[in-house]
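The next block holds one structure in the form of structure tokens; read it before the comments.
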Amino acid sequence: MKLIFKKPARGWHESLILGNGRIGGAVYGGTKRERISLNEDTLWSGYPVQTQKEMPKGYLEKIRELTMAKDYVRAMEETESVMGESEDTQMYVPFGDLCLEIDGDEEITEYHRELDLETAEVIVRYKNFGSRIEKRCLVSEPDQVLIYRIKSEQPLTVRIWTEGGYLIGSRLDDGVLKSFGRCPGRNSFTKSEAGGEKAVPTLSERPKEMGMRYEGWGKAVTKDGWMEEMPEGMVVRNAREVTLYYAIRSSFAGYDKHPELEGCDPSICLKKDLCCDASYERIRERHLEEYQPYYNRVSLELKGEVSEELDLKKRLLDVQGGKEDPGLSALLFHYGRYLLIAASRPGTQAANLQGIWNKEMIPPWFCDYTININTQMNYWPAGPCNLDEMTEPLVRMCREMEEDGRRTARAYFGCDGVCGFHNADIWRKTSPADGRAMWSFWPMGYAWLCRNLYDQYLFNGDREYLKVLYPILKENVRFFLQTVTDTKEGYVLSPATSPENEFICEGQKVSVAAYSENCNAIIRSLLGDYLDCCRRLGLKDDLEEEAGRLLEKMLPPAIDSEGRIMEWNEELKEADVHHRHLSHLYELHPGSGITRSTPELMTAARRSLESRGDEGTGWSLAWKILMWARLKDGEHVGRIVNNLFRLVDPDQPGAIHGGGVYPNLLCAHPPYQIDGNFGYTAGVAEILLQSHEGEIHILPALPPEWREGKVSGLRARGGIRAEIEWKDSRVKACLVSDRTQEVRVGIAGGESTLIKLEAGKELELSSG
15 MKLIFKKPAR GWHESLILGN GRIGGAVYGG TKRERISLNE DTLWSGYPVQ TQKEMPKGYL
75 EKIRELTMAK DYVRAMEETE SVMGESEDTQ MYVPFGDLCL EIDGDEEITE YHRELDLETA
135 EVIVRYKNFG SRIEKRCLVS EPDQVLIYRI KSEQPLTVRI WTEGGYLIGS RLDDGVLKSF
195 GRCPGRNSFT KSEAGGEKAV PTLSERPKEM GMRYEGWGKA VTKDGWMEEM PEGMVVRNAR
255 EVTLYYAIRS SFAGYDKHPE LEGCDPSICL KKDLCCDASY ERIRERHLEE YQPYYNRVSL
315 ELKGEVSEEL DLKKRLLDVQ GGKEDPGLSA LLFHYGRYLL IAASRPGTQA ANLQGIWNKE
375 MIPPWFCDYT ININTQMNYW PAGPCNLDEM TEPLVRMCRE MEEDGRRTAR AYFGCDGVCG
435 FHNADIWRKT SPADGRAMWS FWPMGYAWLC RNLYDQYLFN GDREYLKVLY PILKENVRFF
495 LQTVTDTKEG YVLSPATSPE NEFICEGQKV SVAAYSENCN AIIRSLLGDY LDCCRRLGLK
555 DDLEEEAGRL LEKMLPPAID SEGRIMEWNE ELKEADVHHR HLSHLYELHP GSGITRSTPE
615 LMTAARRSLE SRGDEGTGWS LAWKILMWAR LKDGEHVGRI VNNLFRLVDP DQPGAIHGGG
675 VYPNLLCAHP PYQIDGNFGY TAGVAEILLQ SHEGEIHILP ALPPEWREGK VSGLRARGGI
735 RAEIEWKDSR VKACLVSDRT QEVRVGIAGG ESTLIKLEAG KELELSSG
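Just so we're aligned, residue 15 is where the sequence shown starts under our numbering, counting upward by one.
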């Protein structure tokens with residue numbers, strides 16, 4: 015499982031990325047000059063403040079009355095008027111670049127560059143004037159350093175320095191290259207202003223307005239050369255082997271601590287990080303001991319005729335031209351697992367819109383936590399791919415959002431409980447962002463995150479973990495018990511939007527309706543998860559009875575005149591019939607309210623997907639893979655998988671229907687967003703094994719091109735692990751359960767049968 019190139023990266027979207035959950039590096043693989051773009055997961059602009067604004071009295075009732083009277087234009091105008099001038103999220107910024115340059119002329123032959131997913135290591139090999147040179151790089155979690163080694167048959171002179179990002183300066187101090195930076199203070203501009211003249215980061219001299227301090231320390235070790243100082247850097251001369259250790263720390267002391275007034279001293283941790291003088295081999299050994307137990311939990315092989323030693327860009331172009339390459343589908347699946355391990359570890363920050371990898375001073379969408387699907391999608395692979403540990407940062411983020419979420423519920427709705435709108439950041443902002451109502455007025459993000467947390471429990475069955483989730487679920491339920499509205503047909507959240515979508519009213523694009531299926535579906539799902547949580551914990555609390563009554567009276571999904579799931583409270587003309595969001599199909603995925611037990615809704619969901627089409631942004635294509643997999647339609651799944659392998663030129667402007675992947679397999683929104691990678695990996699797991707309907711389905715949606723393969727380590731809900739091998743219509747499977755239980759199992763679309771699994775004992779099944 016390797017990403018292989020026969021040329022150095024031309025730019026960031028061809029680089030190979032590494033990470034230990036906290037430190038991220040994008041390695042370009044240059045010959046004369048190497049560049050490693052660096053990130054650290056706490057480097058955000060700003061500091062903690064309360065961002066809630068005072069709302070006009072009775073504003074919500076006024077908007078609701080307008081939507082109930084079907085005066086949607088005025089309702090949206092009123093919403094955007096009261097929501098305007100809200101403070102946006104803060105932004106995730108780069109550390110800068112670590113640069114290495116080799117003196118002398120070049121005549122390069124036999125160039126090879128790879129990222130080995132099994133070792134989480136970048137390796138570059140080539141000859142210069144016939145002399146062999148090898149470069150290796152990894153980011154170690156046990157040692158908390160990036161380590162980069164150059165070995166050459168001939169002596170080299172290597173210059174080392176840092177540049178870019180928000181770095182202020184560097185100096186050589188007792189053989190250690192120390193670089194210093196300062197993140198901006200709080201943004202005075204919004205995402206919509208990011209490309210204009212107002213987008214000037216705040217770099218104040220007043221301590222209370224200062225952003226995060228950060229430092230990077232590097233030391234070079236050589237066996238046969240010597241080191242000298244150069245302006246703002248160092249140079250290693252006459253060395254056949256150079257090993258560079260690099261560590262990064264910031265003043266971040268917590269989501270509720272000012273990084274300047276209450277911040278940490280980065281140098282304290284950096285002294286500890288750089289005290290390590292172990293060899294590359296020893297650090298690599300410790301790195302593999304920590305990394306591989308996570309990565310090796312799941313394996314997938316899809317048989318094909320394409321050599322995995324081919325240049326990756328050529329493989330992508332061949333698939334785009336119609337060539338079958340099932341191995342590439344397996345590679346992208348494993349890449350998603352690798353990225354989750356590399357971007358999210360216990361104790362780190364949760365993976366943002368770009369994981370932990372960003373080179374832009376002002377990144378697209380500020381690289382924030384977009385919680386109207388994107389952050390949730392980042393963690394969809396964790397359950398089926400048995401990576402529970404990687405969700406710890408997400409759980410912690412949800413716990414840390416409670417304080418601000420309580421203020422937001424009170425300020426905007428005048429009620430108890432917690433809620434969060436569609437963006438969050440490292441300071442755990444939950445209030446609305448500035449801008450259009452289609453994204454600024456949607457208080458469902460926190461509740462959607464609860465679906466992730468609870469579904470993770472259904473996979474692992476960890477009772478102690480469930481106790482942690484319970485108060486988060488409860489406070490979200492408390493909010494909706496006080497905010498839903500009773501209609502003649504049932505309870506709804508009103509007024510409402512459907513994430514980033516619009517309909518046509520009076521010739522205008524409008525986004526505010528009386529209610530939306532998305533909001534109602536999230537509430538239904540939350541209530542069901544909460545009640546199930548109470549039952550499993552044996553609790554009878556003050557909200558349970560009321561929550562049960564509300565769930566019974568919530569408005570169910572409706573079907574429009576064209577047989578589709580209705581998105582809003584009435585049939586309204588869509589502004590974009592191929593819109594990238596599929597929010598009204600929430601009950602198909604990630605919810606479980608639309609299943610084979612609701613055949614009319616399944617048919618309506620299918621027609622809705624057909625209406626939206628098979629194109630979209632990268633993450634939208636991944637979501638469609640998941641939904642078509644739940645419809646058990648392997649042929650359609652295969653079609654969208656092929657669309658996702660469309661090679662996107664990073665130098666060309668993007669379009670919201672033109673998603674695919676960049677040469678290094680990072681997913682194109684476009685531009686780059688990592689949720690498509692994670693969503694695809696979750697989609698492949700759903701293709702191979704499903705358990706959301708209370709039954710286990712083995713190979714429920716296999717694409718026709720995947721004629722032969724085997725997978726092991728995938729997990730079904732209930733703590734059941736599966737090993738599956740197939741060739742054409744012949745299937746062999748083995749199930750192992752953490753506990754003794756009975757479960758229904760079906761293979762490749764066949765009828766399910768009830769079987770008993772004994773705890774820890776393998777049970778073999780076959781079909782065809």
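Note that beta-carbon positions come from the ideal geometry of N, C-alpha and C, so glycine has one too.
| Query | Result |
| --- | --- |
| Do W642 and L316 have their C-beta atoms closer together than 8 Å? | no |
| What's the gap between the Cα of S343 and the Cα of V655? | 8 Å |
| Report the CB separation of V745 from I761 in whole angstroms; it is logged as a contact under 8 Å. | 5 Å |
| Quick check: the Cα distance between D556 and R227, rounded to an integer number of angstroms? | 45 Å |
| Shortest alpha-carbon distance to A253 belongs to which of Y106, A636, K285 and I164? | I164 |
| As an exercise, report each continuous alpha helix (DSSP H) stretch of at least 4 residues that is fully enclosed by the region 24–84, in chain order. | 73–82 |
| For the candidate residues H348, S321 and F143, whose alpha-carbon lies nearest to that of K337? | S321 |
| Which same chain residues, not among the five before or five after A696, have their C-beta less than 7 Å away from its C-beta? | W394, P395, P398 and L640 |
| Check the C-beta distance from E243 over to L181 and give it rounded, since I have them as a contact under 8 Å. | Wrong, their Cβ atoms sit about 18 Å apart, outside the cutoff. |
| Where does R568 fall in DSSP's three states? | What sits at residue 568 in the sequence shown is Met, not Arg. M568 falls in the strand class under three-state DSSP. |
| Taking 7 Å as the limit between beta carbons, can you name the residues of its chain near Y808, skipping five residues before and five after? | No answer is possible for residue 808: it lies beyond the span of the chain, which begins at 15 and ends at 782. |
| Kindly indicate the opening and closing residues of the alpha helix (DSSP H) around P485. | R477 to L495 |
| Spatial neighbours of P714 within its chain, please: CB distance less than 6 Å, with the 5 preceding and 5 following residues excluded, ordered by chain position. | K646 and Q704 |
| Starting from the Cα of C464, find the closest Cα among K443, T444 and K488 and give me that residue. | K488 |
| Hey, could you find the ends of the alpha helix (DSSP H) L463 is sitting in? | G459 to N474 |
| Grouping DSSP H, G and I as helix and E and B as strand, with all else coil, what is R442? | coil |
| Which partner residues does T767 have in the DSSP bridge list? | V759 |
| Is E722 helix, strand or coil when you go by DSSP? | strand |
| So, using beta-carbon positions, are V725 and I738 closer together than 8 Å? | yes |
| Examine the Cβ distances between the region 541–559 and the region 121–137 and report whether three or more of them are shorter than 8 Å. | no |
| Out of L408, S575, D157 and P570, state which residue places its alpha-carbon closest to the alpha-carbon of Y260. | D157 |
| Closest to F692 by CA distance: which of I387, E92 and P378 is it? | I387 |
| Under 8 Å between the Cβ atoms of G690 and S743? | no |
| Contact check, L109 vs G195 under 8 Å by CB: the rounded distance? | In the sequence as presented, Leu is not what sits at residue 109; that position holds Phe. The pair is a contact, with the Cβ atoms about 7 Å apart (cut-off 8 Å). |
| Taking C-beta to C-beta, are P62 and D270 nearer than 8 Å? | yes |
| Bridge partners for S145 per DSSP, in chain order? | N142 |
| List, from N- to C-terminal side, the alpha helix (DSSP H) runs of 4 residues or more that fit wholly inside the region 623–699. | 632–644 and 648–658 |
| With a threshold of 16 other CB atoms inside 10 Å of the CB of T81, please say whether the residue is buried or exposed. | buried |
| Three-state secondary structure (DSSP) at I282? | helix |
| Identify the continuous alpha helix (DSSP H) that holds Q390 and give its terminal residues. | N388 to N392 |
| Taking the alpha carbon of Q687 as the reference point, which residue from G361, E304, C381 and R88 has its own alpha carbon closest? | C381 |
| From the DSSP output, in three-state form, read off H5 for me. | In the structure as shown, the chain begins at 15 and stops at 782. Residue 5 is therefore absent and cannot be evaluated. |
| Using only alpha-carbon positions, find the residue among F427, M375, N372 and T362 that is nearest to P407. | T362 |
| Quick check: what's the CA-CA separation for C519 versus S611? | 36 Å |
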